[in-house]
Structures are given as structure tokens and as C-alpha cells.
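Undergrad: Numbering (full-length UniProt numbering), first residue to last: 1 to 645. Beta carbons: idealized from backbone N, C-alpha and C, even for Gly.
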């Protein structure tokens with residue numbers, strides 16, 4: 001018997017590198033393929049390329065897999081590989097996993113019509129974002145699974161693996177069963193079929209059992225493949241080009257036509273005889289954060305809105321707690337925010353800037369009643385003649401927390417979050433539609449909410465979504481927040497996500513991936529024993545899974561009564577900053593900037609001292625990039641400057 005390992009994964013990789021639908025990622029120092037769900041058939045190849053001399057699948061064999069599986073939703077199955085005949089939807093041989101199970105599938109044709117057998121290994125935990133190596137040994141009715149060289153799990157079934165399973169006109173498919181549903185979302189490093197033997201002794205002698213290898217594609221090996229020829233030195237004239245490294249050298253006639261590579265800034269420059277000309281765009285990287293401006297505010301600040309009025313300038317509106325003097329608008333002047341206008345507000349929670357045609361608006365969410373006992377939130381309009389914001393429309397609200405403005409199919413909408421009415425937190429929040437005839441916002445739809453804090457509108461392709469952060473239902477903060485989708489002229493429920501005193505949603509894109517982060521503020525349930533700390537709680541990041549058509553948890557981050565997330569970019573790098581407000585003992589808590597580290601998710605990069613941090617805003621000017629944070633516990637907000645290299 002030929003015991004040569006049949007490397008299924010390598011066979012799917014062209015000689016020149018990964019196929020379409022395959023990307024190489026390195027996590028924890030180990031490389032693997034991420035497989036795309038968009039073209040599952042592209043991740044397949046005919047079985048005849050492996051079974052050259054015989055079109056029968058071996059009767060006894062081992063399958064060796066090294067993978068890193070993401071945490072998946074309950075009841076979700078993902079395929080590691082399948083072997084399927086072209087004209088049939090049935091799986092001849094396949095391997096798939098659920099969050100705590102592994103299933104081996106095979107087709108038996110000993111009876112008329114045939115049937116599929118599933119061998120299940122229970123209590124197999126693979127969905128933990130860690131690398132694992134599996135060895136599945138098959139012989140007749142006996143099936144044995146070894147995970148990371150631990151004690152084997154043995155299963156004996158009534159139906160033996162077929163002694164003569166034809167693979168004629170069959171193909172292997174990586175990470176799928178020839179369709180998008182159930183596509184493998186993790187990383188795949190090794191997939192090998194070893195005929196006629198139990199591969200466990202050949203695998204379980206490595207130092208690191210979790211990434212032990214029998215055969216791995218060249219592109220995934222630790223040492224990159226050596227090129228066939230030295231292309232850099234192939235042509236003699238290329239040796240005349242001189243590149244200088246290190247500190248900035250001089251540029252004179254003697255250095256003309258020479259290059260200088262600035263490694264620290266990743267910039268390439270050409271000397272023209274007098275100055276260095278940039279040949280490669282320098283991408284800035286965040287080095288550190290420094291305090292830039294201490295802004296004394298009218299009172300504690302619950303929210304900030306930074307916006308630009310065309311041909312006028314950059315502004316910031318602060319939502320302040322105490323009336324009088326109410327809230328304020330500041331204008332960016334000579335590199336600092338300078339007081340510009342006061343606006344009477346009533347325990348203002350947030351501002352929202354938006355435009356409709358040439359009209360410019362600013363809406364405030366008031367939490368309390370005015371002097372006459374009336375509870376209004378107000379929309380202000382920019383007066384070009386007065387160069388001020390003036391009252392435009394009052395809207396009845398109930399302890400309003402937030403406004404969200406958006407446009408769908410050319411129509412303008414404005415949604416308000418109503419937090420509570422008296423002691424009743426389970427009330428309707430309202431979506432208003434702009435009536436161009438009357439020039440006013442009119443009620444369009446109501447949505448039931450529970451102590452809601454925030455709306456977040458976003459679009460994905462042709463679809464529009466609106467997410468609400470539900471905080472408290474009167475007895476518990478452990479409640480569902482909801483995502484709605486616009487269908488047939490109204491918002492309809494799309495997905496519900498369990499949250500813990502949710503205070504904010506933040507949607508952001510990294511490449512073609514869509515993420516949604518929730519800020520969980522505290523865990524409280526009147527019917528449950530009190531936790532050791534209500535406020536030290538995970539906030540979560542979810543990623544849109546196109547195949548499943550839902551947001552799936554991507555990462556948990558420990559936060560301290562988180563009230564806001566803000567996404568921003570510096571050069572090619574992406575960041576999230578969280579507003580940590582209270583750790584159970586003090587309001588002087590570090591808020592944290594997390595850097596996007598690719599497959600490893602977000603990793604803490606900078607710790608920022610804050611006091612009762614309530615809101616973050618990122619903004620840019622010609623002088624650089626900044627973060628602006630508000631304090632809900634002192635009348636002082638701060639502008640921080642991002643120092644780049």
C-alpha cells in the first residue's frame with residue numbers, strides 16, 4: 001500500500017500562490033488560509049488529481065486537519081471539507097463541526113439508493129480562536145478522533161465505512177459543500193489524507209501538538225519558498241540603482257538620481273540634485289497621544305458633536321447638563337476651540353448635525369422639562385444672515401437621549417430615542433419623516449424601546465439598517481437590543497442581540513468587512529444576586545456574516561461602564577476608542593484606544609486618563625488629527641492630538 005500522504009490543501013493551491021477565494025493570515029505565529037464564501041466552487045478540484053491510479057476511496061485511512069475556528073453561534077455547522085459527485089447534492093465524504101461537536105459524514109451504497117451516515121464526536125471544543133490539530137482514524141466500524149494529541153475519542157457505529165467507495169467524477173471542496181451555507185469561517189493550515197494507517201504516531205511527536213504537521217502547503221510554511229532565480233539581480237543595469245538607508249542624507253548634484261528609503265516612515269524619495277522628492281506616499285502611524293486643549297464647559301458635558309459648516313468653518317457643540325446657561329457651540333479658531341454661541345437646553349444629552357439640501361440643522365436631545373413644565377427637544381437651523389443657529393422646530397420627547405439623522409431613497413428622516421416617561425422605561429421611540437411641502441418633520445413610525453440610549457443608522461449595499469441600544473426595562477439591564485432593516489417603507493426587526501445596559505452602537509468598516517460594536521454600561525437584574533462589580537463588564541464587537549445574514553460575535557473587550565465607542569483611522573491603521581466612565585469605585589478611569597491587528601482583532605494600544613468619560617469624537621484639520629472627549633462629572637472636556645510618525 002502506498003502510504004504517501006495525500007495533501008488535499010496543497011492540491012487546491014496553484015503553484016504561483018493561493019487561489020482566488022483564499023487569503024493567507026498569520027495568527028499566533030502560524031499561517032493559515034482564510035476561505036471566501038463568495039465562490040465555493042472555486043475552492044474545489046477533481047479527486048482524480050489525488051487518486052491517480054485508482055478511483056476508489058481507501059477503506060482504512062486517517063484525515064489530519066490543523067485549523068483555527070472562530071467562535072460560532074449555537075447550532076451553526078461549518079464544513080472543513082467535502083467530497084461530492086458533480087451531478088449529486090450528496091456528500092460522499094465530509095467533515096464538519098459545530099461549536100461543541102465534530103461530524104464525519106460518508107455515503108454508503110451497499111443498499112439500493114444509498115444513504116448517508118453521520119459519526120458524531122461530542123464535547124469537542126474547537127470554536128475558541130485557538131489552533132488545533134485533529135487526527136481522525138477510520139477502519140471499518142471504528143472511528144477514532146485525537147485532538148491535540150490528547151486521549152482519543154473512540155466511536156463504533158453499525159454501518160462500516162464502505163470497502164469500495166467510488167470517487168469517479170467526484171471533486172474535493174475546501175471549507176464548503178459546494179454552496180455558501182456552512183462555509184468554514186476560520187483558518188485552515190493542514191488537510192491531509194493518509195491511506196492505510198493511523199497517523200497519530202506520526203503526528204504526536206512534535207513539540208507543539210496543536211500545530212503538528214505531516215504536510216503543509218509551501219506558502220504556509222515557516223520559511224518562505226526560495227525563488228527559482230534571483231530576479232533582482234537578473235538584469236545587470238539594475239545594479240546601477242543606489243538606495244540609501246538611515247537618517248536623511250544630503251541631496252546635491254553628486255547624489256542626483258539616487259534614492260533614499262526612510263524605513264521609519266516607509267517613504268521612498270528621489271534626489272533631483274537639490275531636494276528629496278517623495279516617490280512613495282508616506283502613511284502616517286499613530287505614535288502617541290498628547291493633551292492639546294483643556295476646554296472649560298458651561299457644566300458637565302453629556303455629549304459632543306463635531307461638524308463643518310461649508311465656507312464657515314469647523315464647530316463643536318457640547319450637550320451640557322445645567323440650565324442656565326445651557327449648552328454651547330465652539331468654533332475652531334487659530335488651532336483651538338473658542339466659544340461661539342450659547343443655546344438654552346434642559347439637561348441636554350446629545351446633539352446631531354445634518355443637512356437637507358442647502359438647509360443646515362442641529363438637533364438637541366433634552367432630558368428634562370423646561371421652566372413651564374414642557375418637555376421638548378429642539379431642532380435649530382443655521383441662519384446665514386445672523387451666522388447663528390436659531391430655533392426651527394420643537395418636538396415633544398420623553399427624556400430624550402439621542403437623535404439620528406439619515407436619508408433613505410432620497411427622503412430625509414430623523415429618529416429620537418425616548419428613554420423613559422416618568423418611571424416607565426418601556427415606551428415608544430419615534431422616527432420622523434421630513435415633509436418638503438411643510439418644511440417640518442412629521443411622525444412616520446414608532447418603535448417600542450426599553451430605556452433606550454442610542455440609535456445607529458448604517459447601510460450595507462442597497463439595504464438600510466437602524467440599531468437601537470436598549471438599556472433598562474425597569475427590572476434588568478440584561479435585555480435585547482435590536483437591529484431593524486428598512487423594508488416596504490418601514491423598519492422591520494432584523495436581529496436581536498443580548499446586551500447589558502447598552503449605551504451606544506458604533507458601526508464601522510475595515511476593508512470589505514462590516515463591524516458593529518456595543519458599549520455595555522452595567523449588569524443589573526433585580527431578581528438575581530448582585531455581581532461583585534456591576535460595571536466591569538465585556539463590551540462586544542460583532543461582524544456581519546454575509547452567509548448567515550446576521551451579525552456574529554467577533555470579540556469581547558473588558559470595559560468599565562462603557563458609554564461610547566468611536567472608530568477612527570490614522571494612515572493605514574484602524575482604531576477604536578472606548579469611553580470608560582466608572583469602575584465601581586471611582587470615575588477616574590482610563591479610557592483605551594484599541595488598534596486593529598487583523599485576524600487577532602483589536603488590541604489595547606494606548607491608555608488615556610479620563611474622568612467620567614461620556615463621549616468621544618474624532619476629527620481632522622489641516623494641522624493634524626484629534627480626539628475630543630467629554631466628561632459627565634466635571635465641567636472640563638479635553639482635546640487630544642494624535643502624534644504620528
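Just confirm the distance between the C-beta atoms of residue 203 and residue 197, as a whole number of angstroms; I'd bet it's less than 8 Å.
TA: Here residue 203 is taken as the residue at index 203 of the chain shown, counted from 1. Here residue 197 is taken as the residue at index 197 of the chain shown, counted from 1. Not quite, the Cβ-Cβ distance comes to about 11 Å (not below 8 Å), so this is no contact.
Undergrad: Along the chain, where does the beta strand (DSSP E) containing residue 99 start, and where does it finish?
TA: Looking up residue 99 in the chain shown gives position 99. No beta strand (DSSP E) contains residue 99, which DSSP labels as neither H nor E.
Undergrad: Please determine if the stretch 292–312 and the stretch 324–333 are in contact, where contact requires at least 3 C-beta pairs separated by less than 8 Å.
TA: yes
Undergrad: Looking only at its chain, what residues have a beta carbon closer than 7 Å to the beta carbon of residue 493, apart from the 5 residues adjacent to it on each side?
TA: On the chain shown, residue 493 is found 493 positions in, with the first residue counted as 1. The residues are 482, 484.
Undergrad: Taking contact to mean at least 3 C-beta pairs separated by less than 8 Å, is the stretch 186–194 in contact with the stretch 247–267?
TA: no
Undergrad: Please tell me whether residue 407 has its Cβ less than 8 Å away from any Cβ of chain D.
TA: The structure shown contains no chain D, having only a single protein chain.
Undergrad: Could you check the C-alpha separation between residue 144 and residue 114 for me, to the nearest Å?
TA: Reading the chain shown from its first residue, position 144 is the one you call residue 144. Reading the chain shown from its first residue, position 114 is the one you call residue 114. Between residue 144 and residue 114, the C-alpha separation is close to 24 Å.
Undergrad: Under the three-state reduction of DSSP, which class applies to residue 9: helix, strand or coil?
TA: Translated into positions along the chain shown, residue 9 becomes position 9. Helix at residue 9.
Undergrad: For residue 353, count neighbouring C-beta atoms within 10 Å of its own C-beta (all shown protein chains included) and say buried if the count is 16 or more, exposed if not.
TA: Along the chain shown, read from residue 1 onward, the residue named residue 353 stands at position 353. Answer is buried; the Cβ neighbour count reaches 16.
Undergrad: Can you tell me whether residue 226 is buried or exposed, with buried defined as 16 or more other CB within 10 angstroms of its CB?
TA: The residue you call residue 226 lines up with position 226 of the chain shown. Confidence at residue 226 is low in this model, with a pLDDT of 41, below 50, so its placement is unreliable and the value that follows should be read with caution. That one is exposed.
Undergrad: Looking at C-beta atoms only, is the number of pairs between the stretch 567–585 and the stretch 79–92 that lie closer than 8 Å three or more?
TA: no
Undergrad: Do three or more CB pairs link the stretch 145–158 to the stretch 35–45 at distances below 8 Å?
TA: no
Undergrad: If you compare alpha carbons, which of 344, 293, 358 is closest to residue 334?
TA: Counted from its first residue, the chain shown places residue 334 at position 334. Comparing Cα positions, the closest option is 293.
Undergrad: May I have the straight-line CA-CA distance separating residue 594 from residue 291, to the nearest angstrom?
TA: Along the chain shown, one-based indexing puts residue 594 at 594. Along the chain shown, one-based indexing puts residue 291 at 291. Computed Cα separation, rounded: 18 Å.
Undergrad: I'd like the ranges of any beta strand (DSSP E) spanning at least 3 consecutive residues and lying wholly in the stretch 287–342.
TA: 301–309, 313–320, 327–333
Undergrad: Measuring alpha carbon to alpha carbon, tell me which of 364, 132, 359 ends up nearest residue 384.
TA: In the chain shown, residue 384 corresponds to position 384, counting from 1. Measuring from the Cα of residue 384, the nearest candidate turns out to be 359.
Undergrad: Between the C-alpha atoms of residue 27 and residue 34, what's the straight-line distance to the nearest angstrom?
TA: Looking up residue 27 in the chain shown gives position 27. Looking up residue 34 in the chain shown gives position 34. Spanning the two alpha carbons is a distance of roughly 11 Å.
Undergrad: Assuming residue 25 and residue 167 make a contact with CB atoms under 8 Å, what is their CB distance in whole Å?
TA: Along the chain shown, one-based indexing puts residue 25 at 25. Along the chain shown, one-based indexing puts residue 167 at 167. With 8 Å as the limit, residue 25 and residue 167 do not qualify as a contact, their Cβ atoms being about 31 Å apart.
Undergrad: Pick helix, strand or coil for residue 635, following the three-state DSSP scheme.
TA: By 1-based counting over the chain shown, the position of residue 635 is 635. Coil, per DSSP.
Undergrad: Compare the Cα-Cα distances from residue 66 to each of 380, 138, 129 and report the closest residue.
TA: On the chain shown, position 66 is the one that residue 66 refers to. Comparing Cα positions, the closest option is 129.
Undergrad: With a threshold of 6 Å on Cβ separation, who are the neighbours of residue 607 within its own chain once the five nearest residues in sequence on each side are excluded?
TA: Your numbering for residue 607 matches position 607 in the chain shown. So the list reads 590, 592, once near-sequence residues are dropped.
Undergrad: Looking only at its chain, what residues have a beta carbon closer than 6 Å to the beta carbon of residue 182, apart from the 5 residues adjacent to it on each side?
TA: As a working mapping, residue 182 is identified with position 182 in the chain shown. The residues are 77, 78, 79.
Undergrad: Tell me, please, whether the stretch 487–505 touches the stretch 450–469 by the rule of three or more beta-carbon pairs shorter than 8 Å.
TA: Result yes; three or more Cβ-Cβ pairs closer than 8 Å.
Undergrad: Rounded to a whole number of angstroms, what is the C-alpha to C-alpha distance between residue 10 and residue 487?
TA: For this step, residue 10 is matched to residue 10 along the chain shown. For this step, residue 487 is matched to residue 487 along the chain shown. Rounded to whole angstroms, residue 10 to residue 487 spans 45 Å at the Cα level.
Undergrad: Under 8 Å by Cβ, that's how I've got residue 395 and residue 441 pegged, so tell me the actual separation to the nearest angstrom.
TA: Counted from its first residue, the chain shown places residue 395 at position 395. Counted from its first residue, the chain shown places residue 441 at position 441. With 8 Å as the limit, residue 395 and residue 441 qualify as a contact, their Cβ atoms being about 7 Å apart.
Undergrad: Note down, in chain order, each residue of its chain lying with its Cβ closer than 8 Å to the Cβ of residue 446, except the 5 sequence neighbours on either side.
TA: What you label residue 446 is simply residue 446 of the chain shown in a count that begins at 1. Answer for residue 446: 428, 429, 430, 431, listed in chain order.
Undergrad: With a 10 Å radius around its C-beta and 16 neighbouring C-beta atoms as the bar for buried, classify residue 638 as buried or exposed.
TA: The sequence position of residue 638 within the chain shown is 638, counting from 1. Buried.
Undergrad: Which residues share a DSSP beta bridge with residue 466?
TA: Here residue 466 is taken as the residue at index 466 of the chain shown, counted from 1. Beta-bridge pairing links residue 466 to 457, 484.
Undergrad: Taking the Cβ atom as the reference point for each residue, do residue 471 and residue 527 lie within a distance shorter than 8 Å?
TA: In the chain shown, residue 471 corresponds to position 471, counting from 1. In the chain shown, residue 527 corresponds to position 527, counting from 1. No, Cβ-Cβ distance for residue 471 and residue 527 is not below 8 Å.
Undergrad: Buried or exposed: residue 279, going by 16 or more other Cβ atoms within 10 Å of its Cβ?
TA: By 1-based counting over the chain shown, the position of residue 279 is 279. Exposed, by the Cβ-count rule.
Undergrad: If I'm right that residue 319 touches residue 351 with Cβ under 8 Å, what's the distance once you round it to whole angstroms?
TA: Within the chain shown, numbered from 1, the residue matching residue 319 stands at position 319. Within the chain shown, numbered from 1, the residue matching residue 351 stands at position 351. Yes, they are in contact, since the Cβ atoms of residue 319 and residue 351 sit about 6 Å apart, within 8 Å.
Undergrad: I believe residue 259 touches residue 8 by the beta-carbon criterion, under 8 Å. Please report the beta-carbon distance rounded to the nearest angstrom.
TA: As a working mapping, residue 259 is identified with position 259 in the chain shown. As a working mapping, residue 8 is identified with position 8 in the chain shown. Their Cβ separation, rounded to whole angstroms, is 45 Å, which puts residue 259 and residue 8 out of contact at 8 Å.
Undergrad: At what residue ranges does the stretch 343–407 contain a whole run of the beta strand (DSSP E), taking only runs of 3 or more?
TA: 348–356, 359–366, 376–383, 388–396
Undergrad: Please report the distance separating the alpha-carbon of residue 369 from that of residue 424.
TA: By 1-based counting over the chain shown, the position of residue 369 is 369. By 1-based counting over the chain shown, the position of residue 424 is 424. Using only the alpha carbons, I get a separation of about 16 Å.
Undergrad: Looking at the strands, I want to know which residues DSSP matches up with residue 182.
TA: Within the chain shown, the letter at position 182 stands for residue 182. In DSSP, residue 182 forms no bridge with anything.
Undergrad: For residue 392, which of 615, 52, 377 has the nearest alpha-carbon?
TA: Along the chain shown, one-based indexing puts residue 392 at 392. For the residues 615, 52, 377, the minimum Cα distance to residue 392 belongs to 377.
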